[in-house]
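Asks: The structure follows.
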Amino acid sequence: MKDIQVGLIGFGNIGAGVVKLLRENAAVIRAKVGAGIIMKRIADLDITSDRGVVVDAGVLTTSVDDIFNDPDISIVIELVGGYEPAKSFVLKAIEKGKHIVTANKALLALHGSDIYAAAVRKGVEVQFEAAVGGGIPVLTAIKGNLAANHFSSVFGIMNGTCNYILTRMTQEGADFADVLRAAQELGYAEPDPTFDVEGVDTAHKLAILASLCFGTRIDFKKIHTEGISNISGLDVKYAAQFGYRIKLLAIGKHVDGKIEARVHPTMIPLDSPLADINGVFNAIRLTGDFVGPVMFSGRGAGQNPTASAIVGDLIGLSRSMKAGAGRRMSPLGFLDDTIVTIPVKPMADIISKYMLRFSVLDKPGVLGGIAGALGTYGISIESMVQTSHEVDDSAPVPIVIMTHKAREGSIQKALSEIDQLDIICEKTSFIRIEDNLE
Ligand code: HSE
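The opening position of the sequence shown corresponds to residue 244 in this note's numbering, with each subsequent residue numbered one higher.
See the structure below:
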């Protein structure tokens with residue numbers, strides 16, 4: 244069989260990884276496909292910088308049209324990132340009858356519907372394993388070997404940068420800003436690292452995962468999204484004291500005809516399998532009605548793991564082309580006309596346990612004021628720690644309360660009332676707790 248010719252748009256860190264992998268592992272790829280996968284053209288505005296990889300003469304171009312108009316190129320890899328011009332490039336490649344492989348979670352989370360519809364009309368495939376969990380083959384598993392299940396939940400640590408930062412804050416008491424810089428230097432962070440630390444990147448990935456698991460299209464704007472930039476060393480310390488670790492968790496649940504889709508710092512029990520996922524590692528835990536809980540973990544960011552997922556998609560497409568198969572499956576796994584709309588539960592209606600950290604003046608009646616407001620909103624206290632000041636009597640002291648399960652709307656109302664009290668020295672911090680990750 245003739246070799247498969249591919250084109251790459253966007254020659255950054257990940258693109259260089261793809262070129263390196265196709266070259267270094269050419270023999271094993273050929274042995275598995277029965278043909279070579281050849282990087283025919285690479286388009287980027289910068290074709291002179293050294294990316295540390297060997298590129299054959301005549302491959303680099305500044306014109307994407309050299310890829311679109313090349314009839315030998317059957318697969319286009321989009322690694323431009325962001326919304327535009329990435330979306331236009333993908334739609335143009337589809338219009339030209341080319342299959343798409345992309346790592347662009349932002350694009351799929353917000354504009355997936357348009358892209359999938361165009362691909363379906365044209366009879367080409369869109370593969371995006373690298374968009375979620377870096378090198379972890381979770382999307383392929385959901386669409387493939389786990390496809391027989393109804394899924395009730397999907398939980399995950401899906402941002403390598405945040406997990407790296409939280410791990411070093413937990414293990415070394417490291418400072419947030421220093422660790423973020425290290426994550427950027429290691430090539431984990433997005434070009435705009437606020438997407439990482441404010442939870443947006445994780446929410447993009449949750450939108451994709453929840454769509455695949457629950458057979459729906461999640462409106463990205465309905466995903467409640469909070470990042471880790473407000474997590475302090477004190478939060479990490481108190482969480483550990485109560486037997487928990489703080490992780491930035493993506494949570495998707497399909498319960499009673501509604502979906503919970505939220506991203507926020509979450510306390511999980513120290514003995515939970517997700518609590519031991521550290522550094523750049525990601526983990527995704529799914530529960531299917533027949534398979535039960537399944538967990539995937541691996542490197543969630545970085546050049547080599549992401550290249551592994553992209554080339555895995557290239558191999559899958561190449562095998563189908565070799566077998567003469569047409570389009571193998573719909574982009575979301577579900578047939579296109581079976582995708583349904585499932586309402587996303589408002590955040591005020593979710594039920595959770597909480598750790599509340601108050602900063603208060605150490606004087607009579609303080610605890611009564613807090614407990615009274617919690618009681619008014621039906622919030623029951625499970626346990627509590629108060630640390631007294633060591634030196635200065637007038638300095639604020641922390642009171643940390645663990646609640647029983649409560650409605651988020653009630654917590655918000657109680658805290659906004661409590662934060663008005665003159666005994667409160669700074670805005671109260673609260674972290675949601677997930678004791679049961681199924
Ligand atoms: N910036 C992302 C992360 C890269 O840190 O996980 C992979 O999407």
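Glycine residues also receive a C-beta, built at the ideal position from the N, C-alpha and C atoms.
None of the values given here were measured: they were computed from a predicted structure.
Under the assumption that Glu660 contacts Ala591 (Cβ atoms under 8 Å), give the Cβ distance between them as a whole number of angstroms.
Replies: In the sequence shown, the residue the question calls residue 660 occupies position 417. In the sequence shown, the residue the question calls residue 591 occupies position 348. Not quite, the Cβ-Cβ distance comes to about 16 Å (not below 8 Å), so this is no contact.
Asks: Helix, strand or coil: which one does DSSP assign to Phe457?
Replies: By 1-based counting over the sequence shown, the position of residue 457 is 214. DSSP places Phe457 in helix when its eight states are reduced to three.
Asks: In terms of residue numbering, what span does the alpha helix (DSSP H) encompassing Pro548 cover?
Replies: In the sequence shown, residue 548 corresponds to position 305, counting from 1. Element bounds for Pro548: Gln546 to Ala566.
Asks: In terms of residues, what are the limits of the beta strand (DSSP E) holding Tyr597?
Replies: Reading the sequence shown from its first residue, position 354 is the one you call residue 597. Taken as a continuous stretch (DSSP letters only), the beta strand (DSSP E) holding Tyr597 covers Ile594 to Val603.
Asks: Would you say Phe577 touches the ligand HSE, meaning its beta carbon is less than 8 Å from a heavy atom?
Replies: Sequence index remark: in the sequence shown, residue 577 carries index 334 (1-based). No, Cβ of Phe577 sits at least 8 Å from all heavy atoms of the ligand HSE.
Asks: Could you name the residues, in chain order, whose CB is less than 6 Å away from a heavy atom belonging to the ligand HSE?
Replies: Gly377, Asn402, Gly403, Thr404, Tyr431, Ala432, Glu433, Asp439, Asp444, Gly543 and Ala544
Asks: How would you write the range of the alpha helix (DSSP H) that Tyr359 sits in, first residue to last?
Replies: Residue 359 sits at position 116 when you count from the first residue of the sequence shown. Run containing Tyr359: Lys348 to Lys365, per the alpha helix (DSSP H) assignment.
Asks: Threshold first: 3 residues or longer. Then list the beta strand (DSSP E) segments lying entirely within the region 261-327, N to C.
Replies: The beta strand (DSSP E) runs lying completely inside the region 261-327 and spanning 3 residues or more are 280-286 and 316-321, given in chain order.
Asks: Could you check how far apart the C-beta atoms of Phe371 and Leu382 are, in whole angstroms? I think they sit under 8 Å.
Replies: As a first step, residue 371 must be located in the sequence shown, where it is residue number 128. As a first step, residue 382 must be located in the sequence shown, where it is residue number 139. Phe371 to Leu382, Cβ: 7 Å. Contact.
Asks: Figure out for me which residue from Ile285, Asp315, Leu322 and Phe311 has the closest Cα to the Cα of Thr238.
Replies: With the chain represented from 244 up to 681, any question about residue 238 goes unanswered, as that position is not in the structure.
Asks: Run the CB neighbour count on Arg364, radius 10 Å, all protein chains shown included, and call it buried at 16 or more, exposed below.
Replies: By one-based count along the sequence shown, residue 364 stands at place 121. By the neighbour-count rule (16 or more Cβ atoms within 10 Å), Arg364 is not buried but exposed.
Asks: Could you pull the DSSP bridge partners for Ala493 from this structure?
Replies: The residue you call residue 493 lines up with position 250 of the sequence shown. Ala493 has Gly399 and Val506 as its beta-bridge partners, per DSSP.
Asks: Given a cut-off of 9 Å, decide if Val296 and Ala346 are closer than it, judged by their beta-carbon atoms.
Replies: Position 103 of the sequence shown, counted from the start, is the residue given in the question as residue 346. Position 53 of the sequence shown, counted from the start, is the residue given in the question as residue 296. Cβ distance not < 9 Å, so Ala346 and Val296 don't count as in contact.
Asks: Restricting to Cα atoms, I'd like to know which of Gly576, Ala360, Pro516 and Phe332 is closest to Val323.
Replies: Walking along the sequence shown from the start, residue 323 turns up at place 80. Ranking Gly576, Ala360, Pro516 and Phe332 by Cα distance to Val323 puts Phe332 first.
Asks: For the region 557-567 against the region 611-619, do three or more pairs of beta-carbon atoms, one drawn from each stretch, fall closer than 8 Å, so that the two count as touching?
Replies: no
Asks: Kindly indicate the opening and closing residues of the alpha helix (DSSP H) around Ala336.
Replies: Numbered from its first residue, the sequence shown carries residue 336 at position 93. In the DSSP annotation of this structure, the continuous segment of the alpha helix (DSSP H) that includes Ala336 starts and ends at Ala329 to Glu338.
Asks: Could you check whether the region 298-317 touches the region 523-531, counting it as contact only if at least three pairs of C-beta atoms, one from each stretch, sit closer than 8 Å?
Replies: no
Asks: Between Pro512 and Lys490, what straight-line distance do the alpha-carbon atoms span, to the nearest angstrom?
Replies: Residue 512 sits at position 269 when you count from the first residue of the sequence shown. Residue 490 sits at position 247 when you count from the first residue of the sequence shown. Their backbone Cα atoms lie some 10 Å apart in a straight line.
Asks: Taking a contact to mean a Cβ-Cβ separation below 9 Å, would you say Leu288 touches Gly325 in this structure?
Replies: For the purposes of this step, residue 288 is taken as residue 45 along the sequence shown, with counting starting at 1. For the purposes of this step, residue 325 is taken as residue 82 along the sequence shown, with counting starting at 1. In this structure, Gly325 does not lie closer than 9 Å to Leu288 by Cβ.
Asks: Assign Pro639 to one of three DSSP states: helix, strand, or coil.
Replies: Locating residue 639 in the sequence shown gives position 396, counting from the first residue. Coil, per DSSP.
Asks: For Ile582, which three-state DSSP category applies?
Replies: Here residue 582 corresponds to residue number 339 of the sequence shown, with the count starting at 1. Ile582: coil per DSSP, three-state reduction.
Asks: Output the boundary residues of the beta strand (DSSP E) element that contains Ser626.
Replies: Locating residue 626 in the sequence shown gives position 383, where the first residue counts as 1. It spans Ile624 to Gln629 - the beta strand (DSSP E) in which Ser626 sits, taken as one unbroken run.
Asks: If we ignore side chains and look at the alpha-carbon of each, how far apart do His687 and Ile676 end up?
Replies: Residue 687 cannot be examined here, being either before or after the span of the chain that is shown, 244 to 681.
Asks: Helix, strand or coil for Asn406, going by three-state DSSP, please let me know.
Replies: As a working mapping, residue 406 is identified with position 163 in the sequence shown. It is helical.
Asks: Who pairs with Pro512 in a beta bridge, going by DSSP?
Replies: Position 269 of the sequence shown, counting from 1, holds the residue named residue 512. In DSSP, Pro512 forms a bridge with Tyr487.
Asks: Span of the alpha helix (DSSP H) holding Gly618?
Replies: Taking the sequence shown and counting its residues from 1, the one referred to as residue 618 is at position 375. That run of the alpha helix (DSSP H) goes Val609 to Thr619.
Asks: Considering only their Cβ atoms, is the gap separating Phe533 from Ala391 smaller than 9 Å?
Replies: Here residue 391 refers to the residue found at position 148 of the sequence shown. Here residue 533 refers to the residue found at position 290 of the sequence shown. Contact: yes.
Asks: Given 8 Å as the limit, is there contact between the region 488-507 and the region 444-458, that is, 3 or more CB pairs closer than that?
Replies: yes
Asks: Ordered along the chain, which non-local residues of its own chain (more than five positions away) have a Cβ less than 6 Å from that of Leu251?
Replies: As a position in the sequence shown, residue 251 is number 8, starting the count at 1. Contacts found: Gly258, Ile285 and Ile320.
Asks: Can you name, in chain order, every residue of its own chain whose Cβ lies under 7 Å from the Cβ of Asp418, other than the five neighbours on each side?
Replies: In the sequence shown, residue 418 corresponds to position 175, counting from 1. Excluding sequence neighbours, Asp418 sits near nothing in its chain.
Asks: Alpha carbon to alpha carbon, how far is Arg488 from Val479? Give it in angstroms, no decimals.
Replies: In the sequence shown, counting from the first residue as 1, residue 479 sits at position 236. In the sequence shown, counting from the first residue as 1, residue 488 sits at position 245. Spanning the two alpha carbons is a distance of roughly 7 Å.
Asks: Using a Cβ-Cβ cutoff of less than 7 Å, which residues in the same chain neighbour Ala426 once the five nearest sequence positions on both sides are dropped?
Replies: The count along the sequence shown starts at 1 and reaches residue 426 at position 183. The residues are Thr404, Tyr407, Ile408 and Ala432.
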